[in-house]
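**Student:** Let me give you the structure first, and then I'll get to my questions.
Number of protein chains: 2
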Amino acid sequence: MGVNSNRVEDLPYHNDHQTTTVRIPSDLDLEAMPPLDIHRVCLPPKQSTLQKLKHKLGEIFFPENPLHRFKNQTWFTQLLLGLQFLFPIFQWGPEYNAQLLKSDIISGLTIASLAIPQGISYAKLASLPPIVGLYSSFVPPLIYSLLGSSRHLAVGPVSIASLVMGSMLSETVSSTEEPILYLKLAFTATCFAGLFQASLGFLRLGFIIDFLSKATLVGFMAGAAVIVSLQQLKGLLGIVHFTTKMQFIPVMSSVFSHRGEWSWQTIVMGFSFLGFLFTTRHISKRNPRLFWVAAAAPLTSVIVSTLIVFLLSSKNPRISVIGHLPKGLNPPSSNMLYFNGPHLALAIKTGLITGILSLTEGIAVGRTFASLKNYQVDGNKEMMAIGLMNICGSCTSCYVTTGSFSRSAVNYNAGAKTVVSNIIMAAAVLVTLLFLMPLFYYTPNVILATIILTAVSGLIDYQAAYNLWKVDKLDCMTCLCSFFGVLFVSVPIGLTIAVGVSVFKILLHVTRPNTMAMGNIPGTQIYQNLSRYREALRIPSFLVLAIEAPIYFANSTYLQERILRWVREEEERIKANNESMLKCVILDMTAVTAIDTSGIDTISELRKMLEKRCLQLVLANPVGSVMEKLQQSKTLESFGSNGVYLTVGEAVADISSLWKARA
Amino acid sequence: MGVNSNRVEDLPYHNDHQTTTVRIPSDLDLEAMPPLDIHRVCLPPKQSTLQKLKHKLGEIFFPENPLHRFKNQTWFTQLLLGLQFLFPIFQWGPEYNAQLLKSDIISGLTIASLAIPQGISYAKLASLPPIVGLYSSFVPPLIYSLLGSSRHLAVGPVSIASLVMGSMLSETVSSTEEPILYLKLAFTATCFAGLFQASLGFLRLGFIIDFLSKATLVGFMAGAAVIVSLQQLKGLLGIVHFTTKMQFIPVMSSVFSHRGEWSWQTIVMGFSFLGFLFTTRHISKRNPRLFWVAAAAPLTSVIVSTLIVFLLSSKNPRISVIGHLPKGLNPPSSNMLYFNGPHLALAIKTGLITGILSLTEGIAVGRTFASLKNYQVDGNKEMMAIGLMNICGSCTSCYVTTGSFSRSAVNYNAGAKTVVSNIIMAAAVLVTLLFLMPLFYYTPNVILATIILTAVSGLIDYQAAYNLWKVDKLDCMTCLCSFFGVLFVSVPIGLTIAVGVSVFKILLHVTRPNTMAMGNIPGTQIYQNLSRYREALRIPSFLVLAIEAPIYFANSTYLQERILRWVREEEERIKANNESMLKCVILDMTAVTAIDTSGIDTISELRKMLEKRCLQLVLANPVGSVMEKLQQSKTLESFGSNGVYLTVGEAVADISSLWKARA
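So the sequences go chain by chain: A and B.
Going by my numbering, the residue at position 595 of the first sequence is 595; the numbering climbs one at a time, nothing skipped.
If you want my numbering, it's the position in the second sequence, counting the first as 1, plus 1000.
Here it is, written out as structure tokens:
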């Protein structure tokens, strides 16, 4: 039998390739297989440490290669592209026309009618004066329209960030007893949120928000929505003395311990408008062309309820109203930023958490609508835009703003084409701020509670949670941890637990990777899981194992034990069935995508341990980086000339032909 | 051309297999390939959630399947095996004979000669009375010999645990000003260390110690060794007033600010014995048969130096001595355990850290010698043995003990065969405790410093650190973090940083996985990395990409962007070279060992985005769990009948034959 394999004698491995045909001996079960070329396993092309570092850093910080558009362009085009990169307005500006403007005016006015009552309501959610909510719907949209790369994002205050800011600040400082300090802290937190967001974008660390997985966010939003809804019981029932705590238990006990303060007028009004709002939302949901019904409902409710209260005011019913709101544009607030003092840490912490949450919402919303219209939103650039918008906002009496999901959806449905709709909305808010503020004097607080209730109830996504359960039980657990953590403990701790569970899941997968015995699918060179492919057959005298994870310190001990158990079980099986003795263990390394020094020690120890039991250990298809480390650590040499093959098939063919030649 | 592929029409996928031959159209570049069977991709065998959970928990907690020996045995054998499992003495006991006893007596006496001076020295390292070191060399070895499964582990106090305990307790409580409180805290910490160790073993959470990777430990041990060595300057220079801090800077400043206290007699004696100890160690290292030279050196030094000081005592030199040591056996200390009071948290923290460190050393040493003699050490059982030993120790005036590396090496070299050598050692310590204590009165403290210095200098492993640098730069960084963290900050923080860096490395690998374009190796069905295998060829109209990581929330956004960039770059390349248009993107999913809900969303969004650009997305060889989740989330259906193939080769063959048929 002519076996002439000259593959790996000339160690160390080089990048030149030579192949020789090895015919498989005919008295093995392998005779059905075609003759097989044996290929050398290559090392990856040589790179210096610096080159590797450069490549790695490029992948970490510039995965989308942002400079590729600048390649092979004249300096003028490069300048224009640069301007377009910094200010997306240069991208769509030249092509802007009256047709687009018409669409943008319609959608801009639509979102304004939503933004004004929502602005007032969300400011109350953050325990801030209602006027701050309107200020925040004026300056930030203007700044975003200059810098932002999404065309459909409607910018302004959002429920989650407002809620988190309110809950975190209220735990230390009371908004009713120390209103100035509270306001200062809110602006300072906004400034830190902006700084954090902008620096994440500038340092291209945007991938940090990826760690808030969808499962975490589903649970978090539902938990936050429940908390906010419970808080609204204050307005809905007309309670005057209410707890400032945010957790489930103190809120519920506060609701029932103040039963004497419940006001039936408020309750009747609240539930009627709640019914109205939910009905309009239901109509718009069933018929998306009637989107304006739901979009106009909040403003309608505000107008109607204000009128009712105004008409009833002479009869002095027990319905609390917003009261006097100052007229005029955003006053500067840079003198209110609070950079030293006992509450600085609180402001920073609140800023970080509201910053990351509003960023997540803004980017997720931007990406969603971009994918619907098939354009790209650059995450890192968006972060800088949102960050700058919040930094400027903190100096002009605004609190944390971002792209709002509900308003962006309305904006999109109303036919917005560019960010000009944000400018139109800001203009409408400007008119309100300058002339219409006195009209809100009689607006009842209960109507704001109903608007918030309707908005946040949409954040509870049963369906998504059920899908998580169906597809991935551990993802569902993350979701539940985040939900209950937020509901019963606190927002930051709930989020931390959920991120912890997500990371634990990754670590668990690495710590306890899957290993499986593989068999050959007859007539092919394919080796597949024996328990999954029933037609796959074991190769006599061989045990083929696939490892489905990188080999790291965290799993090297486990893998060593597990592989030895596979060998033991295979030997027991062979003994029971009187088959031919096990002589060779092949590790399919295709899915071992990385290895560290502990992993290399394990491989080389395993080789020694199997050798003592007269078993040969063979590696099949180690990936580039693994091959490199095996060589650098001299482990490859110890495997000798028949230790590393390109495929399992080639390993089986070559080793059995060697046995045949020796016999 | 006869193409009759009836593979995937009948969705959902089943476990029955049928294959049909597809001949590849002859005018493609693929004509050199052999005709190809197309195989169905199978789902893994159906399992209920409970079965999956059971399997997963089994892999997490019982990877080595400890009950396999009990299968198919009579009840008597099972009972015997059970007893052997709990008390390994029943395993080797029946076969014990005089020959083995002889070996064990020799090795036991050898390690006793090392254990007595080391016990005294290490107790001083932990700022405990020297006698506690001897007590700790008596009770724990006896308990370990009953329960432990290693045959070569020599049990007693060790340098790292002593050092860490000393440094952590000294930062809050002074051992000279409040000796009783300090002693109480030490015993309490030992008790918690034992409880923690035993419960780790009992709950089968032993894999937690795997997170202290080799790289972390190399750095930690070197850092700890430097700190200990610096601490010994106190004894070596004869300084009386010394800092209790452990960091580099306060220790060095303490050494130089007390220059007036340096005693030349102490220095001369210290450096002479240091030279003697290092010389003997060098001799034993060069000639392993002379192991006894190094093993006997510490006891010799103690005897000789004690004699010198005794003879010089009338001349009253400035050499400090140990002084009076109480005679007698370990007094009970359970009444000294301290379970409530202001320092409880400190005791618990110290217990946890010394517990995990001593466990790591004990298990690593046990495994090392077990692999040399080819027997197995059960990690979880060892943890219970070490834990129980420490719990009992804390009630009999012992502090934290574990298997010592230096003494176990001597034990092994001296020919120890079973744990009886530990019993012999304990007996020798017993004789010392009962009769020989007065002899240590004149033993100079400087000699203990030299013994510690010699012992810990062996912990600095330059070679290992250099190997880490050569093989894995990030592992080397972990090592350096751990080294400098321990040296300049503190032991727990240094360790935390190092573990953090190790975990960060795993997360980084997951967050930014490798993706690569693959090509066909002519004449085979092998697809390999184009940049690594120069003979691999691109397939016209196809882009084959391999993803080298599970697809998780942490990398799904990145992967989506990166794959789109691959497609964009491939299209640019094709345009530049005027090749045939890109029509199909194949993702080789072999190394995608898991997927979560975010990953599934990404895959399905990617499919839609590519479809909009008239590109087909095809998955090749998804592993079992991925296939299962694709099906549960209905993503598989959206891929249709030509969306999932078993190998890249089959996908290429079948899709190009379909194109041919359509043309």
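Glycine is no exception: its CB is placed at the ideal position from the N, C-alpha and C atoms.
Per the DSSP calculation, residue 527 of chain A is bridged to which residue(s)?
**Tutor:** BP columns for residue 527 of chain A point to A/520.
**Student:** Find the residues of chain A that neighbour residue 1207 of chain B, judging by a C-beta separation of less than 9 Å, and give them in chain order.
**Tutor:** Here the neighbours are 511, 512, 554, 555, 557 and 558.
**Student:** Excluding sequence positions up to five away, which residues of its chain have a Cβ less than 8 Å from the Cβ of residue 1610 of chain B?
**Tutor:** Correct list, in chain order: 1567, 1585, 1616 and 1617.
**Student:** Taking C-alpha atoms, which residue in B/1198, B/1469 and B/1145 lies nearest to residue 1352 of chain B?
**Tutor:** Checking every option, the nearest Cα to that of residue 1352 of chain B belongs to B/1198.
**Student:** Against chain B, with Cβ distances strictly below 8 Å, would residue 282 of chain A count as a contact?
**Tutor:** It does not: the Cβ of residue 282 of chain A has no partner Cβ on chain B nearer than 8 Å.
**Student:** Tell me the DSSP secondary structure of residue 1399 of chain B in three-state form.
**Tutor:** If DSSP states are grouped into helix, strand and coil, residue 1399 of chain B belongs with coil.
**Student:** Kindly indicate which residue of B/1555, B/1651 and B/1633 has the alpha-carbon position closest to the one of residue 211 of chain A.
**Tutor:** Per the Cα distances, B/1555.
**Student:** Residue 538 of chain A versus chain B: which residues are under 9 Å apart at the beta carbon?
**Tutor:** Here the premise fails: no neighbours, minimum Cβ distance about 17 Å.
**Student:** To be precise: take each residue of the segment 523-535 of chain A, compare its Cβ to all Cβ atoms of chain B, and keep it if any distance is under 9 Å. Which residues remain?
**Tutor:** Cβ contacts with chain B: 523, 524, 525, 526, 528, 529, 531, 532, 533, 534 and 535.
**Student:** Would you call residue 62 of chain A buried or exposed, if buried means 16 or more other Cβ atoms sit within 10 Å of its Cβ?
**Tutor:** That one is exposed.
**Student:** Residue 584 of chain A lies in the beta strand (DSSP E); which residues open and close that run?
**Tutor:** It spans 584-588 - the beta strand (DSSP E) in which residue 584 of chain A sits, taken as one unbroken run.
**Student:** In three-state terms, what does DSSP make of residue 234 of chain A?
**Tutor:** It is helical.
**Student:** List, in chain order, every chain A residue whose beta-carbon is nearer than 7 Å to that of residue 1579 of chain B.
**Tutor:** Correct list: empty, because the minimum Cβ distance to chain A is about 19 Å.
**Student:** Starting from residue 381 of chain A, find everything on chain B with Cβ-Cβ shorter than 7 Å and list it in chain order.
**Tutor:** Residues of chain B passing the Cβ test: none, with the nearest at roughly 13 Å.
**Student:** For residue 1312 of chain B, which of B/1468, B/1442, B/1580 and B/1376 has the nearest alpha-carbon?
**Tutor:** Minimum Cα distance to residue 1312 of chain B is reached at B/1442.
**Student:** Relative to the ligand NAP, is the shortest distance from any of its heavy atoms to the C-beta of residue 546 of chain A smaller than 7 Å?
**Tutor:** With respect to the ligand NAP, the structure offers nothing, as it holds no ligand at all.
**Student:** Who are the near neighbours of residue 548 of chain A in its chain, counting only those whose CB is closer than 6 Å to its CB and skipping five residues on each side?
**Tutor:** If we look at residue 548 of chain A and ignore the five residues flanking it on each side, its Cβ neighbours are 513, 514 and 591.
**Student:** From residue 338 of chain A to residue 344 of chain A, what does the alpha carbon distance come to, in whole angstroms?
**Tutor:** Those two C-alpha atoms are separated by around 7 Å.
**Student:** Does any residue of chain A have a CB that is nearer than 8 Å to the CB of residue 1652 of chain B?
**Tutor:** Residue 1652 of chain B does not count as touching chain A.
**Student:** Along the chain, where does the beta strand (DSSP E) containing residue 618 of chain A start, and where does it finish?
**Tutor:** Residue 618 of chain A -> beta strand (DSSP E) spans 616-620.
**Student:** Taking just the CA atoms, how far does residue 1521 of chain B sit from residue 1538 of chain B?
**Tutor:** Distance between the alpha carbons of residue 1538 of chain B and residue 1521 of chain B: 9 Å.
**Student:** Looking only at its own chain, which residues have a Cβ that is under 7 Å from the Cβ of residue 600 of chain A, when we skip the five neighbours before and after it?
**Tutor:** Excluding residues within five positions, the ones whose Cβ falls inside 7 Å are 629, 630, 633 and 635.
**Student:** Identify every run of the alpha helix (DSSP H) within the segment 1057-1138 of chain B, keeping only runs that are complete inside it and at least 4 residues long; order them along the chain.
**Tutor:** Counting only runs of 4 or more, we get 1075-1086, 1089-1092, 1098-1125 and 1130-1135.
**Student:** Mind listing the chain B neighbours of residue 42 of chain A? Cutoff is C-beta to C-beta under 7 Å, in chain order.
**Tutor:** Per Cβ cutoff of 7 Å: 1532 and 1533.
**Student:** By the DSSP assignment, the alpha helix (DSSP H) with residue 1499 of chain B in it spans what residues?
**Tutor:** Segment 1491-1511, the alpha helix (DSSP H) holding residue 1499 of chain B.
**Student:** Starting from the Cα of residue 1233 of chain B, find the closest Cα among B/1208, B/1355, B/1259 and B/1209 and give me that residue.
**Tutor:** Of B/1208, B/1355, B/1259 and B/1209, the residue nearest in Cα terms is B/1259.
**Student:** Distance cutoff 8 Å, beta carbons only. Does residue 1060 of chain B sit that close to anything in chain C?
**Tutor:** The structure shown contains no chain C; the protein chains it does contain are A and B.
**Student:** Establish whether the CB of residue 1632 of chain B and some CB of chain A are separated by less than 8 Å.
**Tutor:** By this cut-off, residue 1632 of chain B is an interface position.
**Student:** Express the C-alpha separation of residue 1401 of chain B and residue 1191 of chain B in angstroms, rounding to a whole number.
**Tutor:** Cα to Cα, the separation comes out at about 11 Å.
**Student:** Check residue 435 of chain A in the structure and name its three-state DSSP category.
**Tutor:** Three-state result, residue 435 of chain A: helix.
**Student:** What are the residues of the segment 1274-1307 of chain B that lie near chain A, defined by any Cβ-Cβ distance shorter than 7 Å?
**Tutor:** The residues in question: there are none.
**Student:** Is residue 337 of chain A helix, strand or coil when you go by DSSP?
**Tutor:** Here residue 337 of chain A sits in coil by DSSP.
**Student:** From what residue to what residue does the beta strand (DSSP E) around residue 198 of chain A run?
**Tutor:** Residue 198 of chain A -> not in any beta strand (DSSP E); alpha helix (DSSP H) instead, spanning 179-202.
**Student:** For residue 1026 of chain B, which three-state DSSP category applies?
**Tutor:** Here the model assigns residue 1026 of chain B a pLDDT of 35, short of 50, so the residue's position is not dependable and the matter cannot be decided.
**Student:** Please decide whether residue 377 of chain A counts as near chain B, where near means a Cβ-Cβ distance under 8 Å.
**Tutor:** It does not: the Cβ of residue 377 of chain A has no partner Cβ on chain B nearer than 8 Å.
**Student:** By the three-class DSSP mapping on this structure, what secondary structure does residue 1391 of chain B have?
**Tutor:** Helix at residue 1391 of chain B.
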